[in-house]
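Residue numbers (my numbering): 1 to 247.
Just so you know, even glycine gets a beta-carbon here, dropped at the ideal spot from N, CA and C.
Remember, predicted model here, so these are calculated numbers, not experimental data.
Take a look at the structure set out below.
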Amino acid sequence: MKKIAIITGASSGMGWDFAKELDNKNLDEIWIVARRKELLEKLASELKTRCKIFDIDLTDSEKNKKIELELEKKEYEIKYLINNAGFGLMGEFSTLNLNKQLNMIDLNIRALVQVTYFSIKFMSKSGEIIQVASTAGFLPMKNFAVYAASKAFVVNFTNALALELKPKGIHAIAVCPGPVKTEFFDVATNGKEPVFIYESIKVVKKALKDSKKAKLNSIYGFLMNVVMTLAHFTPRRIKVSLSAKSL
Ligand SMILES: NC(=O)c1ccc[n+]([C@@H]2O[C@H](COP(=O)([O-])OP(=O)(O)OC[C@H]3O[C@@H](n4cnc5c(N)ncnc54)[C@H](OP(=O)(O)O)[C@@H]3O)[C@@H](O)[C@H]2O)c1
Numbered sequence: 001m002k003k004i005a006i007i008t009g010a011s012s013g014m015g016w017d018f019a020k021e022l023d024n025k026n027l028d029e030i031w032i033v034a035r036r037k038e039l040l041e042k043l044a045s046e047l048k049t050r051c052k053i054f055d056i057d058l059t060d061s062e063k064n065k066k067i068e069l070e071l072e073k074k075e076y077e078i079k080y081l082i083n084n085a086g087f088g089l090m091g092e093f094s095t096l097n098l099n100k101q102l103n104m105i106d107l108n109i110r111a112l113v114q115v116t117y118f119s120i121k122f123m124s125k126s127g128e129i130i131q132v133a134s135t136a137g138f139l140p141m142k143n144f145a146v147y148a149a150s151k152a153f154v155v156n157f158t159n160a161l162a163l164e165l166k167p168k169g170i171h172a173i174a175v176c177p178g179p180v181k182t183e184f185f186d187v188a189t190n191g192k193e194p195v196f197i198y199e200s201i202k203v204v205k206k207a208l209k210d211s212k213k214a215k216l217n218s219i220y221g222f223l224m225n226v227v228m229t230l231a232h233f234t235p236r237r238i239k240v241s242l243s244a245k246s247l
């Protein structure tokens, strides 16, 4: 059996960095998934590990099946599944385009659930499922309503999955970054970045370390950890009113 990693959203940002980090893990193949084929080819040319490119739109559930069909050949064992593809849109729910928001739900939730579902039966005994959520998943966020809610789904789904998969020796972790310097803000806010922003590679390295330690969630950065701890102990009514002032 060939030992593999599957990384969605590998054509930029954290997905790209996950691929770079997994290049030294003695894998037989890394399967890289995103829509922009030329970037996936560039990434493949920079990695030592053999790559399989899936240039597909993950919101098309028929296209997703290409990955499943390849797995069905039963030649592969998944060591790492990294569900990282996702995007956000900032703005008032009722004025943002509805189809774009539904597409966000299709990618951030539906595709992630689908890929997780068909991958589990091919995971190795010490397999790791790394789901990229967000610190936004812990808070209701004004002007980021659908995105934050989609990531709340990812956190809760992943934490429950960790419990279900424990007897199989598979670990699932929700990675919950604060703002990270990637192409995310080109899509979410037309390039307007927060003043305070983390480096992608640092978030990725910590996520892989935390997954190895079988943590439930991975939160990078002192400030983000303080914010998340406070969010945990703050009553919901107060969290909602603080969120009203944040964006
Ligand atoms: N950056 C942040 O501040 C931040 C903070 C918290 C959480 N996150 C989460 O981190 C994850 C990675 O984002 P990033 O920050 O690295 O942003 P990014 O650089 O924009 O990367 C997003 C990746 O998703 C892929 N993608 C988007 N739509 C897709 C589709 N329909 N089908 C297949 N692939 C698709 C993109 O590739 P193509 O365009 O080539 O398809 C790209 O590779 C996301 O889930 C995001 O929500 C980001």
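- Query: Is there contact between the region 98–105 and the region 139–156, where contact requires at least three CB pairs shorter than 8 Å?
  - Reply: yes
- Is there contact here, the region 169–179 with the region 121–130, by at least three beta-carbon pairs under 8 Å? yes
- Message: Less than 8 Å between the C-beta atoms of Pro140 and Lys213, yes or no?
- Response: no
- Query: So what does DSSP say about Lys66, is it helix, strand or coil?
  - Reply: helix
- Message: Using the three-state DSSP reduction, which class does Met228 fall into: helix, strand or coil?
- Response: helix
- Among Gly178, Lys3, Gly88 and Ile56, which one has its Cα closest to the Cα of Val204? Gly178
- Query: What's the gap between the Cα of Cys51 and the Cα of Glu29?
  - Reply: 5 Å
- Neighbourhood of Ser200 by C-beta distance below 7 Å, restricted to the same chain and skipping five residues each side: Gly13, Met14, Asp17, Val180, Lys181 and Thr182
- Does Ile78 have its Cβ less than 8 Å from a Cβ in chain D? In summary, chain D is missing from the structure at hand, where a single protein chain is found.
- Status (buried if at least 16 other CB within 10 Å, exposed otherwise) for Met217: For the record, residue 217 in the displayed sequence is Asn; it is not Met. The residue in question, Asn217, is buried, as its Cβ has 16 or more Cβ neighbours within 10 Å.
- Message: Any heavy atom of ligand 1 inside 7 Å of the beta-carbon of Val115?
- Response: no
- Using a Cβ-Cβ cut-off of 6 Å (strictly less than) and excluding sequence neighbours within five positions of Ser211, which residues of its own chain qualify? Glu128, Ile130 and Ile173
- Message: Any heavy atom of ligand 1 inside 7 Å of the beta-carbon of Met14?
- Response: yes
- Three-state class that DSSP yields for Phe54 in the structure shown: strand
- Query: Which same chain residues, not among the five before or five after Val113, have their C-beta less than 8 Å away from its C-beta?
  - Reply: Phe157
- Asn99 - containing alpha helix (DSSP H), residue span: Leu98 to Ile105
- Task: Note down the Cα distance separating Leu39 from Ser11, rounded to an integer number of angstroms.
- Result: 5 Å
- Message: Within 10 Å of its beta-carbon, does Tyr76 have 16 or more other beta-carbons around it, so buried, or fewer, so exposed?
- Response: buried
- Between the CA atoms of Ala136 and Phe153 - distance to the nearest angstrom: 11 Å
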